[in-house]
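In order, the protein sequence lines correspond to chains A and B.
Position 19 of the first sequence, counting from 1, maps to 19 under my numbering, and the rest follow consecutively.
Position 17 of the second sequence, counting from 1, maps to 17 under my numbering, and the rest follow consecutively.
Structure first, then comments.
There are 2 protein chains.
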Amino acid sequence: MAKRSSPNTGVSRGAVTGAGGKRTARTRVGIHQVAAACGLAPSTVSGVLNQRTDCRVSTKTRDRIYETVRRLGYRPSLTAKGLASGRTDTLGLIGTAQDIEPSNRLCYAFEAEARRHGYLTLVILNPNDPDAEDKQVTWLDDRSVDGMFVLPCEDGPHDQLAEQLRRGRPLVTLDAAGRLPFPVADVSADYQHGGRLQAQHLLELGRRRICFANGLHSCWVVDQRIAGAEQVLLEAGCPEPLRMNVPFEIFPIMAGPAETHDYIRDFLSRHAQECDAIIATGDELGIIAMGLAMQLGLKVPQDLAFVGYDGIRFAANPFMPLTTVANPLDDMGRAAFQLLRSQINGEIGRPQDMQVIFKPSLIARNSTLGS
Amino acid sequence: MAKRSSPNTGVSRGAVTGAGGKRTARTRVGIHQVAAACGLAPSTVSGVLNQRTDCRVSTKTRDRIYETVRRLGYRPSLTAKGLASGRTDTLGLIGTAQDIEPSNRLCYAFEAEARRHGYLTLVILNPNDPDAEDKQVTWLDDRSVDGMFVLPCEDGPHDQLAEQLRRGRPLVTLDAAGRLPFPVADVSADYQHGGRLQAQHLLELGRRRICFANGLHSCWVVDQRIAGAEQVLLEAGCPEPLRMNVPFEIFPIMAGPAETHDYIRDFLSRHAQECDAIIATGDELGIIAMGLAMQLGLKVPQDLAFVGYDGIRFAANPFMPLTTVANPLDDMGRAAFQLLRSQINGEIGRPQDMQVIFKPSLIARNSTLGS
DNA sequence: CTGTTAGCGCCTTCAT
DNA sequence: ATGAAGGCGCTAACAG
């Protein structure tokens, strides 16, 4: 029998080598040393440390192992563990590259929850590019993540996502069940409901001549909101809503080009008389529009009421508070992780249980209520 | 010699097993299959794929390998690669848990730059807790990241950071060279200079009776800013600046408790006469204070000018624009990665080259200039 | 220029 | 209840 050159049997400490090859110098304490120090076999130590059920050792032995681990400062190499077991205790998150508050909050909620359960998260930002998405999924795949939480970009075939699904990789998407060509575990909010909340709130305050403020490019989430709001307005017999199609391509618009603000000012000065409330598809746009309206001498909410969407922090500012609709982002992030975890643990629930939809809620403030 | 049961020699495809044990069913195409399909040895393929300099093969062979890789859809397992080579193509980032814009921008800049160079980033949020920091560093260590970019928390011994340094792990910190008990590669901005910019700008506009607005808890970064500003004011012979110590513990204060806003209102109504400008330690606080001041009937900037710090997006809003000082966050994120990369590549420059300090810049707006 | 060999550190089946 | 042995997929030193 080949003698394995007795590796890992001293407390020797060597140069930091690139591993591989036939080095013998040890650079970190391995399970081997722990086993040796305890007079046990590595497999026994492994079994105990991983709490394997079939590994029943005396309490004394177990304590000795734990004690030795602490004394030697042993930490298992997750790389090696991953190679051997297939599990890496690492998740992947592909989010949007836009520096927008809701997106950040959601990502952080996910990461925090994952970490509370022993996972770290590889975070990748996607500029809403289908090709980039494919690559990024592949990069996560290369690292054998235990699961992925993905905000799929608007378009594209999402080939790599489908491939992951096919290979049985735990996967949860955000806001995508309604627009992906294949079934998938998903977390989202009921955006139509959110839109309805916006419209109902205004109706209750007696507003009926509504104008939507939105960017040029539509996306699924925004379309849903508008559809929900329009439905309510139609049912209430309101006149056809106006549309202010603000020419901005991407967030942020706050410091956007002057033309953007000029456009809004111009639109308001020409059409403000025709309506008594504005529904913005996002808080940032809502705040901008509201500020410009006030500069034009319009009284908010007497002349014009404003409702936003997202519940960004600034909407709560004390001098120009904006009524808004907020999604429960923390809950959504947590739910995404839990969905992932149940897949990782092999609890493959029924598909309908894998799609969690949260209800957004209205936060009424002075931009509609008045002070 | 033990025959190794000829592993990896078929195109067989088996169940997704947890690896380990003596399974023979293959579940993914390995370097072995590529080598076999080319009639080469795995090590040759490995050498070519990793562009190892000592591996000189004919162009024809190389093309055949690439072709086969593409045809078979081979992707190297970074887990296995990491175990064998010690490099994981993965970095760690420990940032602040505070959902604040500058912090996010910096993290994203780092992640994006790392990704452009083939690295993915494990992102961890730290609630400014020394114990958590130690744990988090350890978790990254467990995963053998190629390097770490860390925003060390305010206090604590930072034992694990020191340990990483001792073990030669590439490490870059943010805003920490001036307050850590050991030398380290670091990226930061010249915050004193930023404070000076704030003060000088006000002096140039003829303001001399300054009030600082800050939170209760100090931190190194904020102390630096204030120190810089105070120095300038002192040299100009201004009267002793006032201090508005707003009682908020953590960000965000935007939607903060009513008492916070009450405090600011109260302070302003009692002390506004005594000063002609306010220097806020952050934009969010500056915007709040400015808004409340206007509500109290003060004219901005005639009665009271406002300067913030950070350059958050909302400071650029078109109806209440706040003069501010901005750090070049994108550059800083990129620099952090480059510093890490040079360490990874073994280019251990002189220490003084490892500490990069960026100059913040003033963005003058109506809160000081008037409209 | 290519193949052989010996690990990287851990897990897991199976025999004891 | 414990230990021996093989393998996860790849790299790297060395011999041809």
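Idealized CB from N, CA, C, for every residue including glycine.
From residue i to residue j, what distance separates their C-alpha atoms?
i	j	result
residue 377/A	residue 197/A	Examination of residue 377/A is not possible in this model, given that chain A is present from 1 through 371 alone.
residue 313/A	residue 58/A	55 Å
residue 205/A	residue 275/A	14 Å
residue 315/B	residue 347/B	40 Å
residue 207/A	residue 298/A	16 Å
residue 370/A	residue 202/A	13 Å
residue 8/A	residue 168/B	Low confidence applies here, because residue 8/A scores a pLDDT of 35, under 50, leaving its location unreliable; read the following figure in that light. Going from the Cα of residue 8/A to the Cα of residue 168/B covers about 21 Å.
residue 360/A	residue 96/A	21 Å
residue 180/A	residue 32/B	36 Å
residue 174/B	residue 150/B	6 Å
residue 195/A	residue 273/A	23 Å
residue 128/A	residue 63/B	33 Å
residue 225/B	residue 134/B	28 Å
residue 317/A	residue 286/A	13 Å
residue 335/B	residue 86/B	24 Å
Is residue i close to chain B, meaning its C-beta is less than 7 Å from at least one C-beta of that chain?
i	result
residue 144/A	yes
residue 123/A	yes
residue 319/A	yes
residue 368/A	no
residue 314/A	yes
residue 75/A	yes
residue 234/A	no
residue 83/A	yes
Residue i touches chain A at which residues, Cβ-Cβ below 7 Å?
i	result
residue 399/B	Outside the modelled stretch of chain B, which goes from 1 to 371, sits residue 399/B, for which no answer is possible.
residue 185/B	Result: empty, since nearest Cβ-Cβ is about 18 Å, beyond 7 Å.
Is the beta carbon of residue i less than 7 Å from the beta carbon of residue j?
i	j	result
residue 323/B	residue 300/B	no
residue 45/B	residue 72/B	no
residue 114/A	residue 121/A	yes
residue 130/B	residue 344/B	no
residue 189/B	residue 358/B	yes
residue 223/A	residue 355/A	no
residue 263/A	residue 221/A	no
residue 119/B	residue 93/B	no
residue 146/B	residue 79/B	no
residue 106/A	residue 329/A	yes
residue 319/B	residue 164/A	no
residue 363/A	residue 277/A	no
residue 123/B	residue 123/A	yes
Which residues share a DSSP beta bridge with residue i?
i	result
residue 44/B	For residue 44/B, which the question treats as bridged, DSSP gives no partner whatsoever.
residue 172/B	149/B and 185/B
residue 355/A	186/A
residue 103/A	According to DSSP, residue 103/A bridges with nothing at all.
residue 306/B	278/B
residue 243/A	212/A
residue 372/A	In this structure chain A extends from 1 to 371, so residue 372/A is not present and cannot be described.
residue 374/B	Beyond the ends of chain B as shown, which are 1 and 371, falls residue 374/B; an answer cannot be given.
residue 126/A	96/A
residue 326/A	361/A
residue 121/B	123/A and 91/B
If the cut is a Cβ gap below 7 Å, which residues of chain B does residue i touch?
i	result
residue 52/A	Within chain B, no residue comes near residue 52/A; the closest Cβ sits about 12 Å away, beyond 7 Å.
residue 383/A	The structure shown has nothing for residue 383/A, since chain A only spans 1 to 371.
residue 344/A	Within chain B, no residue comes near residue 344/A; the closest Cβ sits about 13 Å away, beyond 7 Å.
residue 49/A	Going along chain B, no residue has its Cβ under 7 Å from residue 49/A, so there is no contact; the nearest lies around 13 Å.
residue 44/A	Going along chain B, no residue has its Cβ under 7 Å from residue 44/A, so there is no contact; the nearest lies around 16 Å.
How would you list, in chain order, the residues of chain B whose beta-carbon sits under 8 Å from the beta-carbon of residue i?
i	result
residue 269/A	None at all; the shortest Cβ gap to chain B is about 15 Å.
residue 291/A	317, 318, 319 and 320
residue 112/A	97 and 125
Indicate, with yes or no, if the ligand HEM has a heavy atom lying under 6 Å from the CB of residue i.
i	result
residue 285/A	Looking for the ligand HEM in the displayed structure turns up nothing, as the structure carries no ligands at all.
Strictly below 9 Å CB to CB, what residues from chain B border residue i?
i	result
residue 115/A	124, 125, 136 and 139
residue 280/A	The premise fails here: residue 280/A is roughly 14 Å from chain B at the closest Cβ pair, so nothing lies under 9 Å.
residue 288/A	317, 318 and 319
Measure from the C-beta of residue i to each C-beta in chain A and report whether the shortest distance is under 7 Å.
i	result
residue 80/B	yes
residue 265/B	no
residue 158/B	no
residue 295/B	yes
residue 120/B	yes
residue 193/B	no
residue 261/B	yes
Which chain A residues are close to residue i, counting only those with a beta carbon under 9 Å from its beta carbon?
i	result
residue 32/B	Per Cβ cutoff of 9 Å: no residues; residue 32/B is ~15 Å from chain A at best.
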